[in-house]
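Heads up, the thing below is written out as structure tokens.
Residue numbers (full-length UniProt numbering): 1 to 407.
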């Protein structure tokens, strides 16, 4: 397909995103999306990521210390832990310090007002009531988002209270970072966006909310699944640990560098296989903006189609008969994982809509895994058990328990 902008998000999906996040990169279409992507892509480049590695490393150490504390409190050499809430907190801390330059420290202090506001706006499944789940899954299918967000129900009121506090907090950070720019203090993504010349506060706010929402949840989900796969495959875990320990022998106090982390080839292969089998967002809805043809298929204007990274990533036609199997070695001799086409890996989407933060996300995941695998052994809490995948737009596990032991 040579004209990807012929397919937009359906109006209900787009309107819901705009109501929640504003017209940021995820909600924007056409020319607006092109302009925003041109502005933001350089900000997520390798040079920026290199400067953010020490911040990521520091947050990974805090998570490791918290896990060690929880195991020690159990009074035994190991403890069964639900890893998903921990990964949610830790990845939010990384997003906070690297994006806003703000240390949420939610791993240590989870009850801060700003974090409670964040959870009202972007609630995890564990924090949702039955009413919240009903509103989130049912009402958007029968009424427009514009009307939905005006309904006088408690979940809607809580959303607006949380969003008001979150927006005020982010706007305060935007104004503060503008002062720091004048002093040449650019050590986070928000400062880089301002330094790139963007002056519209509402657009900057939309970008920040989008990064918080998309970057946080997707990374937390992937990290949780990665830990689960380590528990399922002890041979993979031991091989990965050996690679990490060799690389870490001469590590500095602030951890490995970007180049050293990038040199961990087995870590790359392991993470790619996790990302292939467990894309954080398993499906995307699109709508034809005009009559068009894809291959031999005629698609009339207004027709909605579903693009499923989950299905494509597991397609036997594209990946072979072992497409459903967890095989780290498929990536060892090929950056395509042995698939018939590079388009067979859709975890980060593809083309103009490819996630501009994919390198940032994979780097933060590598940092977390490097620290955690070097300090803990992960085992299945119950042999053969697999987490239930929660209903919703993401591949979020409904509780992900593993047995954690100190090394």
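Beta carbons: idealized from backbone N, C-alpha and C, even for Gly.
(message) Taking 7 Å as the threshold (C-beta atoms), are residue 177 and residue 165 in contact?
(response) For this step, residue 165 is matched to residue 165 along the chain shown. For this step, residue 177 is matched to residue 177 along the chain shown. Taking 7 Å as the Cβ cut-off, residue 165 and residue 177 do not qualify as a contacting pair.
(request) Would you kindly work out how many angstroms separate the C-alpha atoms of residue 392 and residue 284, rounded to a whole number? (result) Position 392 of the chain shown, counted from the first residue, corresponds to residue 392. Position 284 of the chain shown, counted from the first residue, corresponds to residue 284. The straight-line gap from Cα to Cα measures roughly 12 Å.
(request) With distances taken Cα to Cα, identify the nearest neighbour of residue 95 among 75, 86, 56. (result) Within the chain shown, numbered from 1, the residue matching residue 95 stands at position 95. It is 56 whose Cα lies nearest to the Cα of residue 95.
(message) Taking contact to mean 3 or more Cβ pairs, one atom from each stretch, closer than 8 Å, check whether the segment 215–226 and the segment 386–404 are in contact.
(response) yes
(request) Buried or exposed for residue 35, please, with buried defined as at least 16 other CB atoms from any protein chain shown within 10 angstroms of its CB. (result) As a working note, residue 35 is residue 35 in the chain shown. So residue 35 ends up on the exposed side.
(message) So within the segment 235–276, which uninterrupted alpha helix (DSSP H) runs reach at least 4 residues, ignoring any that extend past its ends?
(response) 258–262
(request) Please state whether DSSP places residue 129 in a helix, a strand or coil. (result) For the purposes of this step, residue 129 is identified with residue 129 of the chain shown, where counting begins at 1. Any reading at residue 129 must be qualified, since the residue scores a pLDDT of 39, below 50, and its modelled position is unreliable; no value is offered.
(message) Once the 5 residues before and after residue 134 are set aside, which same chain residues still bring their CB inside 6 Å of it?
(response) Your numbering for residue 134 matches position 134 in the chain shown. Reliability fails at residue 134, whose pLDDT of 44 lies under 50, so the model's placement of it is uncertain and the value that follows must be treated cautiously. For residue 134, where only same-chain residues beyond five positions count, there are no Cβ hits under 6 Å.
(request) Grab the span of the alpha helix (DSSP H) containing residue 217 for me, first residue to last. (result) For the purposes of this step, residue 217 is taken as the residue at position 217 of the chain shown. Its alpha helix (DSSP H) spans residues 216–232.
(message) For residue 276, count the other beta carbons within 10 Å of its own beta carbon; 16 or more makes it buried, fewer makes it exposed. Which is it?
(response) Looking up residue 276 in the chain shown gives position 276. Buried, since its Cβ has 16 or more Cβ neighbours within 10 Å.
(message) Buried or exposed, going by whether 16 or more other CB atoms sit within 10 Å of the CB of residue 163?
(response) Residue numbering aside, residue 163 sits at position 163 when the chain shown is read from its first letter. Buried, since its Cβ has 16 or more Cβ neighbours within 10 Å.
(message) Considering Cα atoms alone, identify which of 92, 303, 222, 295 is closest to residue 7.
(response) Along the chain shown, one-based indexing puts residue 7 at 7. It is 303.
(request) Can you tell me which of the three DSSP states residue 186 falls into? (result) Looking up residue 186 in the chain shown gives position 186. Here residue 186 sits in coil by DSSP.
(request) Output yes or no for whether 7 Å exceeds the beta carbon distance between residue 78 and residue 364. (result) Reading the chain shown from its first residue, position 78 is the one you call residue 78. Reading the chain shown from its first residue, position 364 is the one you call residue 364. No, the pair does not count as a contact, with Cβ atoms beyond the cut-off.
(request) Mark residue 340 as exposed unless 16 or more other C-beta atoms lie within 10 angstroms of its C-beta, in which case mark it buried. (result) Counting from 1 along the chain shown, the entry for residue 340 is found at position 340. That one is exposed.
(message) According to DSSP, residue 389 sits in a beta bridge with which residue or residues?
(response) Here residue 389 is taken as the residue at index 389 of the chain shown, counted from 1. In DSSP, residue 389 forms a bridge with 397.
(request) Check each candidate in 108, 37, 98, 43 and name the one with the smallest Cα separation from residue 67. (result) As a position in the chain shown, residue 67 is number 67, starting the count at 1. Here the closest residue by C-alpha is 108.
(request) May I ask which residues mark the beginning and end of the alpha helix (DSSP H) holding residue 423? (result) Residue 423 cannot be examined here, being either before or after the span of the chain that is shown, 1 to 407.
(request) May I ask which residues mark the beginning and end of the alpha helix (DSSP H) holding residue 210? (result) Translated into positions along the chain shown, residue 210 becomes position 210. Looking at the DSSP string, the run of the alpha helix (DSSP H) that includes residue 210 is 201–210.
(request) Thinking residue 402 and residue 169 are a contact (beta carbons under 8 Å), I'd like their distance in whole angstroms, please. (result) Indexing the chain shown from 1 puts residue 402 at position 402. Indexing the chain shown from 1 puts residue 169 at position 169. About 34 Å; that fails the 8 Å criterion.
(message) When you compare the CB positions of residue 26 and residue 222, do they come within less than 7 Å of one another, or not?
(response) Your numbering for residue 26 matches position 26 in the chain shown. Your numbering for residue 222 matches position 222 in the chain shown. In this structure, residue 222 does not lie closer than 7 Å to residue 26 by Cβ.
(request) Just tell me which of 407, 352, 247 has its CA closest to the CA of residue 375. (result) Here residue 375 refers to the residue found at position 375 of the chain shown. Among 407, 352, 247, the Cα nearest to that of residue 375 is on 407.
(message) Going by DSSP, what residue range makes up the alpha helix (DSSP H) through residue 116?
(response) Here the question's residue 116 lines up with position 116 in the chain shown. Element bounds for residue 116: 113–121.
(message) Using only the alpha-carbon positions, how far apart do residue 32 and residue 149 sit?
(response) As a working note, residue 32 is residue 32 in the chain shown. As a working note, residue 149 is residue 149 in the chain shown. Whole-angstrom Cα-Cα distance: 25 Å.
(message) Just to confirm the assignment, what range does the beta strand (DSSP E) spanning residue 293 have?
(response) The residue labelled residue 293 in the question sits at position 293 within the chain shown. Its beta strand (DSSP E) spans residues 292–294.
(request) Tell whether a beta-carbon distance below 7 Å holds between residue 225 and residue 278. (result) For this step, residue 225 is matched to residue 225 along the chain shown. For this step, residue 278 is matched to residue 278 along the chain shown. Yes, Cβ-Cβ distance for residue 225 and residue 278 is below 7 Å.
(request) Report all residues from its chain with a CB closer than 6 Å to the CB of residue 324; omit the five preceding and five following residues, and keep chain order. (result) By one-based count along the chain shown, residue 324 stands at place 324. Within the same chain, residue 324 has close Cβ partners 314.
(request) Verify whether the separation of the beta carbon atoms of residue 24 and residue 206 is less than 7 Å. (result) Mapped onto the chain shown, residue 24 falls at position 24. Mapped onto the chain shown, residue 206 falls at position 206. The answer is yes: Cβ separation under 7 Å.
(request) Identify which residue in 261, 186, 75, 20 has its Cα closest to the Cα of residue 156. (result) Counting from one through the chain shown, the residue named residue 156 turns up at place 156. Residue 156 has its Cα closest to that of 20, out of 261, 186, 75, 20.
(request) Specify, as a first and last residue, the run of the beta strand (DSSP E) that residue 316 falls within. (result) The residue given as residue 316 occupies position 316 in the chain shown. Per DSSP, residue 316 belongs to no beta strand (DSSP E); it is in the alpha helix (DSSP H), 316–319.
(request) Can you have a look at residue 259 and say buried or exposed, based on whether 16 or more other CB atoms are within 10 angstroms of its CB? (result) Indexing the chain shown from 1 puts residue 259 at position 259. Exposed, since its Cβ has fewer than 16 Cβ neighbours within 10 Å.
(message) Could you compute how far the alpha carbon of residue 37 sits from the alpha carbon of residue 73?
(response) Taking the chain shown and counting its residues from 1, the one referred to as residue 37 is at position 37. Taking the chain shown and counting its residues from 1, the one referred to as residue 73 is at position 73. Those two C-alpha atoms are separated by around 47 Å.
(message) Taking the beta carbon of residue 197 as the centre, do at least 16 other beta carbons fall within 10 Å, making it buried, or is it exposed?
(response) Residue 197 sits at position 197 when you count from the first residue of the chain shown. Exposed, by the Cβ-count rule.
(request) Give a yes or no on whether the C-beta atoms belonging to residue 60 and residue 367 are separated by under 7 Å. (result) Position 60 of the chain shown, counted from the first residue, corresponds to residue 60. Position 367 of the chain shown, counted from the first residue, corresponds to residue 367. Yes, Cβ-Cβ distance for residue 60 and residue 367 is below 7 Å.
(message) Here's the rule: buried if 16 or more other CB atoms are within 10 angstroms of the residue's CB, otherwise exposed. What is residue 272?
(response) For the purposes of this step, residue 272 is identified with residue 272 of the chain shown, where counting begins at 1. Label assigned to residue 272: buried.
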